[in-house]
Amino acid sequence: MKLVSIVGARPQFIKAAVLSRALRREHREVLVHTGQHYDEPMSRVFFQELDMPEPDHYLGVGSGTHGEQTGRMLERIEEVLLRERPDWALVYGDTNSTLAGALAAAKLDIRLAHVEAGLRSGDRRLPEELNRIVADHCSDLLFCPTVTAVENLKREGITKGVHPVGDVMYDSLLQHLPVAEEKSDVLARLGVSPGAYYLATIHRAANADDPARLGAVLQGLRRLDGPVVFPVHPRTRKAAEAASLALSDGLMAVDPVGYLDMLVLEKNARCILTDSGGVQKEAFLLAVPCVTLREETEWPETLENGWNTLAGTDPERMAGAAMRPAPLTPPARCFGDGRAAERIVKALEDDPSQR
């Protein structure tokens, strides 16, 4: 088989790295990087740490409004697909790269597979939610990380081509955590001790681009009773500077960190505060309490037994949830067994279109 994998943002690099290794044992993969994330700490460092092959096509789309960015991606992805004529196009997650890749493949009648299909937060005001829905309804094969995702698709009338394979990010965590613990010195570099700091990430438009919400989040972080390690997303830094909001006042505001450093920071944090779906899930898998800076989540499994708490951006709710004792009941095993990539490859091979 010949497959085109379309990625553009750091969570997609993590997912694609695991699947790419499994695919390339027997098949030809063409890797397309849209350039949605283009900063060194948000892009190239992930390719290096994950030992990913260099992209065959770098589209250099860069930033812009949702319409501008998606439009440029759609045009350039279409050109690649027309040139490569793959058996499959693969898209990952819920970014604008996912949406553009799904639309381009569907319009060219190229079979489409969506990795991490079926996630729903229930809030259609979120760009990510719209991207998920469109990608799922365009896809021929839908690879679901959880039983909940399968049920979400069923409610929307999607039952054909649905495969509950488990979560490729769990595959990645199992593969890379031992490497991270051996190689990363991030705790020493930052001068923090295991279990004695909080970890915070903010990048979603609803939080980062709204000065009132961003200010409230920063206020909540400053109420915590310990050091707060805060790798600052470029979008968040730019928005804070525009709104004259100080990031380093009382916080350990650092540049974005690579994947291996992030795994070590997550594993050793007392609690994680984030608006990232992927970080919520990694916290759950690592049995680290999490506070989600949103009123909804696409990962409802993480709320089980109090491992994740939805706190929005209210400073009091944030701080109260983060400083609570950790749950006594271990997190449930609901994201597979670390073999999602193998199942995805088999489902692609077994599809009737390949016979």
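Okay, so the sequence shown: first residue is 889 according to the numbering used here, each after it adds one.
Every residue gets a Cβ at the ideal spot worked out from N, C-alpha and C, and that includes glycine.
- Of all alpha-carbon atoms in VAL1120, LEU1133, VAL1167, LEU1181, the one lying nearest the alpha-carbon of ASP1143 is that of VAL1120.
- When the beta-carbon positions are compared, ILE894 and ALA977 come within less than 9 Å of each other.
- When the alpha-carbon of VAL892 is set against those of HIS954, ALA990, GLY952, the nearest one is in ALA990.
- Closest by C-alpha distance to ASP1024, out of LEU1007, ARG964, ARG1013, TRP1195, is LEU1007.
- Residues of the same chain with a CB within less than 6 Å of the CB of GLU1039, apart from the 5 flanking positions on each side, do not exist.
- For GLY1226, same chain residues with a beta-carbon under 7 Å away, outside a window of 5 residues either side, are TYR1058, ASP1059, LEU1062 in chain order.
- Put simply, the backbone Cα of THR983 is about 34 Å away from that of PRO1213.
- Residue pairing of MET1140 in beta bridges, as defined by DSSP: VAL1117.
- In this structure, the straight-line span from the alpha carbon of ALA1228 to that of GLU1237 is close to 14 Å.
- Following the DSSP letters along the chain, one finds THR1089 inside the beta strand (DSSP E) bounded by residues 1086-1089.
- By the Cβ rule, the stretch 1109-1129 counts as touching the stretch 1190-1209, because three or more pairs are nearer than 8 Å.
- The beta carbons of ALA1001 and LEU1029 sit about 4 Å from each other, so the pair counts as a contact at 8 Å.
- The beta carbons of VAL1080 and MET1140 sit closer together than 9 Å.
- Apart from sequence neighbours up to five positions away, no residue of its chain approaches ARG912 with a beta-carbon distance below 7 Å.
- Within the same chain, and ignoring the five residues on either side of ALA905 in sequence, the residues whose Cβ sits closer than 6 Å to its Cβ are LEU938, MET940.
- Here the alpha carbons of ARG1101 and GLN1107 stand approximately 10 Å from one another.
- By the criterion of a C-beta distance shorter than 8 Å, LEU1075 is surrounded in its chain by SER1081, PRO1082, VAL1152, LEU1153, ASN1156, once the five residues flanking it on both sides are discounted.
- When GLU1186, GLY1194, GLU1184 are compared, the shortest CA-CA separation from CYS1178 is found for GLY1194.
- In the displayed model, VAL892 falls within a strand according to three-state DSSP.
- With contacts defined by Cβ atoms closer than 9 Å, THR986 and VAL949 do not form a contacting pair.
- LEU919 is positioned such that its CB atom lies closer than 9 Å to that of ASP944.
- In the three-state scheme derived from DSSP, where H, G and I count as helix and E and B as strand, ARG999 is classed as strand.
- Taking a contact as a CB-CB distance under 8 Å, the pair GLU1230 and ALA1005 does not count as one, their CB atoms being some 17 Å apart.
- DSSP places CYS1026 inside the alpha helix (DSSP H), whose first and last residues are 1015-1026.
- According to DSSP, TYR946 shares a beta bridge with HIS921.
- SER1132 and ARG1012 have their C-alpha atoms spaced approximately 30 Å apart.
- A Cβ-Cβ contact shorter than 9 Å links GLY1010 with GLU1184.
- When ARG960, ALA993, THR958 are compared, the shortest CA-CA separation from ARG971 is found for ALA993.
- The beta carbon of GLU1186 is closer than 7 Å to those of LEU1007, ARG1008, SER1009, GLY1165 in its chain, skipping five residues each way along the sequence.
- The C-beta separation of THR1089 from VAL1167 comes to about 6 Å, placing the pair in contact by the 8 Å criterion.
- For ALA977, the beta-bridge partners assigned by DSSP are VAL892, LEU1000.
- Around the Cβ of ASP1163, a 10 Å sphere holds 16 or more other Cβ atoms; the residue is buried.
- Of the residues PRO974, GLU1017, GLY981, LEU1014, the one whose Cα lies closest to the Cα of LEU996 is PRO974.
- Judged by DSSP secondary structure, LEU1030 falls within the beta strand (DSSP E) whose first and last residues are 1029-1032.
- One Cα belongs to ASP1073, the other to LEU1216, and the distance between them is close to 29 Å.
- By the neighbour-count definition (other C-beta atoms within 10 Å, threshold 16), ASP1137 is an exposed residue.
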